[in-house]
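In full-length UniProt numbering, the protein residues as written are 1 to 429. Idealized CB from N, CA, C, for every residue including glycine. Read through the structure below, which is laid out as structure tokens, and then see the notes.
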Ligand SMILES: Cc1cc2nc3c(=O)[nH]c(=O)nc-3n(C[C@H](O)[C@H](O)[C@H](O)COP(=O)(O)OP(=O)(O)OC[C@H]3O[C@@H](n4cnc5c(N)ncnc54)[C@H](O)[C@@H]3O)c2cc1C
């Protein structure tokens, strides 16, 4: 098996892939470097280690302990968020923070300090981690928490897998009444309407997110606000939806995503019938893309990039300019995801979120024109004081990363000398 990342861009194959299943085992003695690989849901080379070793951690898949009174779960780092949901939702517990796919490992969630639709109230995943064990290549094992080895805790949360291997994790789950989500949908036209809708919704709803059509001349989209449904509202929750039977072979030759298909899809999505209010199962609310297995193969052999940036709120007008620029480039994306980040400080030195607004877009890889577009976008994001998300990146320059990562020099001493990644070799000093 060749381990890849979600963007499926060519190159950067590991020379050795090792299955890692025993948390008490020592790390292998190697000449070259190594890197933990979770479930490859990062889009670029943050989870790849071209020409060297990847330690595939999905074998670390055991639950260790659970405290029913406090909701504190201890599990191995290769456990998937989907496995936690399968076991704990029926017992009335949910993840404190979840990204837009549930097929990621707990170790991957920490290493990228992932965020979800509740960032404005809950912060990042790392805000809910109590402690973990970090195994270094010198054989040492450290318990890391906000009170013990706090510097290692801060370096490893959002530390891009470079500080060592996380073997197990203790994290907080949150109480829910059941599988239902009470949601509200709104269509909006223009960014002013998005920001005003968002400000109201964030004050009263736990989760908010918007899908925007960035091919439209004026950005328009669908804004969704939601909360876990109360016990009294659960009677009518539809059952768990199945996966769509769409699947493509891994070597699908050409991209089904082009200007024409994007326009048709985005139009249809925007105009589809939309209930103003509904109670739905949590899966389509949190994980709409998970319903289509291997949707990343739609882009064919040329594969695709995701571009996610955050801008400080004062630079809001730069968002208009960026969206106008993308629409004019004709290289738009399927629905882009727009979300504001709140003010809760992330615990990690390199965590991506900062107070402001974030946008994530997919671009088919058309080679030089796509890379040229990114250069222009980088310049706009950089000038506005923004940064790019390493978990989604496969091409930002080292210069851009270093300039937009204010705590990088604090982080550098914690890198394990044996650990490396394609991303690290590209961007670190
Ligand atoms: C459809 C989709 C939607 C997404 N939505 C969001 C979103 O809403 N918000 C968000 O923040 N992200 C989102 N992501 C990105 C994804 O959540 C992150 O890339 C996540 O880190 C992937 O976890 P993984 O287990 O697949 O790890 P991998 O991608 O395999 O690895 C990610 C990093 O974690 C490190 N790592 C993995 N395991 C360990 C370990 N045991 N010890 C030390 N380091 C380790 C790796 O070295 C690597 O640096 C999305 C991705 C997809 C495909």
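- Task: Would you mind working out which of 17, 143, 121, 395 sits nearest residue 423, comparing C-alpha positions?
- Result: If we check each option's Cα against that of residue 423, 395 comes out closest.
- Cβ of residue 284 less than 8 Å from any chain B Cβ? As a matter of chain content, chain B is missing from the structure shown, which is built from one protein chain.
- Message: Rounding to the nearest angstrom, what Cα-Cα distance links residue 32 and residue 169 in this structure?
- Response: 27 Å
- Give the DSSP-derived three-state secondary structure of residue 47 in the structure shown. helix
- Can you say whether residue 392 is buried or exposed, counting buried as having 16 or more other CB atoms within 10 angstroms of its CB? buried
- Message: ligand 1 and residue 155: does any heavy atom of the ligand fall closer than 7 Å to the residue's C-beta?
- Response: Relative to ligand 1, the beta carbon of residue 155 is positioned no closer than 7 Å to any heavy atom.
- Item | Unbroken alpha helix (DSSP H) run spanning residue 198, endpoints | 191 to 204
- Message: Among 66, 385, 254, whose alpha-carbon lies nearest the alpha-carbon of residue 311?
- Response: Answer by Cα proximity: 385.
- Task: Determine the extent of the alpha helix (DSSP H) in which residue 108 is found, giving its start and end residues.
- Result: For residue 108, the enclosing alpha helix (DSSP H) stretches over residues 106 to 111.
- Ignore the nearest five residues each way along the sequence and tell me which others in residue 276's own chain have a CB closer than 7 Å to its CB. 184, 185
- Query: Is any heavy atom in ligand 1 found nearer than 7 Å to the beta carbon of residue 37?
  - Reply: Answer for residue 37: yes, Cβ within range of ligand 1.
- Item | 7 Å CB neighbourhood of residue 3 in its chain, flanking five on each side removed | 14, 17, 37, 40, 54, 56
- DSSP beta-bridge partners for residue 181? 228, 280
- Please name the residue in 59, 22, 111 whose C-alpha comes closest to that of residue 389. 111
- In its own chain, which residues sit with a C-beta less than 6 Å from the C-beta of residue 60, not counting the 5 before and 5 after it? 23, 76, 77, 78
- Query: How many whole angstroms separate the CB atoms of residue 157 and residue 397, which I take to be in contact at a CB cut-off of 8 Å?
  - Reply: Contact doesn't hold; Cβ gap of about 25 Å is too wide.
- Skipping 5 residues on each side, what residues in its chain have a beta carbon closer than 8 Å to that of residue 152? 134, 142, 144, 163, 414
- Query: Would residue 289 be called buried (16 or more neighbouring beta carbons within 10 Å of its own) or exposed?
  - Reply: exposed
- Message: For a test of the three-state rule: what should DSSP assign to residue 22, helix, strand or coil?
- Response: Reduced to three states, the DSSP call for residue 22 is coil.
- Would you kindly work out how many angstroms separate the C-alpha atoms of residue 258 and residue 329, rounded to a whole number? 13 Å
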